[in-house]
Ligand SMILES: N[C@@H](CCC(=O)N[C@@H](CS)C(=O)NCC(=O)O)C(=O)O
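In this note's numbering, the protein residues as written are 26 to 226.
In structure tokens form, the structure reads like this:
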């Protein structure tokens, strides 16, 4: 087998992170959109790729990689020869890992769930996830107050991993004008030539 295939849903924020990074790396790929309403992601064929029955999944030749953060790390190590997006420095990698963990923790339980409840109809407590989103935005805005990107002057896979769900939470109704440093960070990322639009909803 050869070539890259990405399995996702059209509205998947985690899938968006990978489409965004594939675009930045200039990699051609086939996008296979699954239909969550018909539970295509729980089909026998798909569960053979990811036993958790979740997107995104990236297939690259014989390699199958599940989980958006794992895919970002894989793509950076395999295709970014200069290590621009995943610098080799041990402290920078630790810092990147901190943000990747946040994307699967604070961001998952805050901005991701807020948008999921409000826009996609997921079950959950909207007020509680709104509060968690604001707590995270307060942290992020302060962190970005004296740097352009999460690590400093240059973007990394940490920015790719953390951008999507806060942006989708803003599209879902969180007022970003209360967070000027986040707003500028969004604009910086979106002005990149390889930017790929986050899902509309
Ligand atoms: N840790 C995974 C989470 C993946 C995830 O939650 N994917 C969602 C779509 S964004 C999904 O497939 N949901 C369907 C399900 O869990 O059944 C990642 O970062 O990729």
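Think of the CB as a built atom: it goes at the ideal place given N, C-alpha and C, for glycine as much as any other residue.
So is the beta-carbon of residue i under 7 Å away from any non-hydrogen atom of ligand 1?
| i | result |
| --- | --- |
| residue 68 | no |
| residue 79 | yes |
| residue 92 | yes |
| residue 37 | yes |
| residue 178 | no |
| residue 71 | no |
| residue 46 | no |
| residue 124 | no |
| residue 162 | no |
| residue 197 | no |
| residue 204 | no |
| residue 183 | no |
| residue 106 | no |
| residue 129 | yes |
| residue 34 | yes |
Keeping to the same chain, check which residues put their C-beta closer than 7 Å to that of residue i; ignore five residues upstream and five downstream.
| i | result |
| --- | --- |
| residue 50 | 100, 104, 105 |
| residue 66 | 59, 78, 79, 80 |
| residue 194 | 136, 139, 140, 158 |
| residue 68 | none |
Keeping to the same chain, check which residues put their C-beta closer than 8 Å to that of residue i; ignore five residues upstream and five downstream.
| i | result |
| --- | --- |
| residue 26 | Any reading at residue 26 must be qualified, since the residue scores a pLDDT of 48, below 50, and its modelled position is unreliable; the value itself is stated next. Contacts found: 84, 86, 87. |
| residue 220 | 45, 48, 214 |
| residue 57 | 30, 31, 32, 33 |
| residue 43 | 31, 33, 81, 83, 93, 96, 97, 100 |
| residue 186 | 42, 93, 94, 97, 124, 125, 128 |
| residue 63 | none |
| residue 35 | 58, 224 |
Keeping to the same chain, check which residues put their C-beta closer than 6 Å to that of residue i; ignore five residues upstream and five downstream.
| i | result |
| --- | --- |
| residue 180 | 174 |
| residue 144 | 197, 226 |
| residue 72 | 78 |
| residue 28 | none |
| residue 131 | 161 |
| residue 55 | 30 |
| residue 189 | 38, 41, 42, 223 |
- Message: My parser needs the beta strand (DSSP E) runs of 3 or more residues fully inside the region 79-137; what are they?
- Response: 82-85, 88-91
### Message
If contact is defined by three or more beta carbon pairs under 8 Å, each pair taking one atom from either stretch, is the region 153-173 in contact with the region 111-122?
### Response
no
Does the region 205-213 come close enough to the region 36-43 to have 3 or more Cβ pairs within less than 8 Å? no
If we require 4 or more residues per run, which alpha helix (DSSP H) segments fall completely within the region 36-83?
38-50, 69-74
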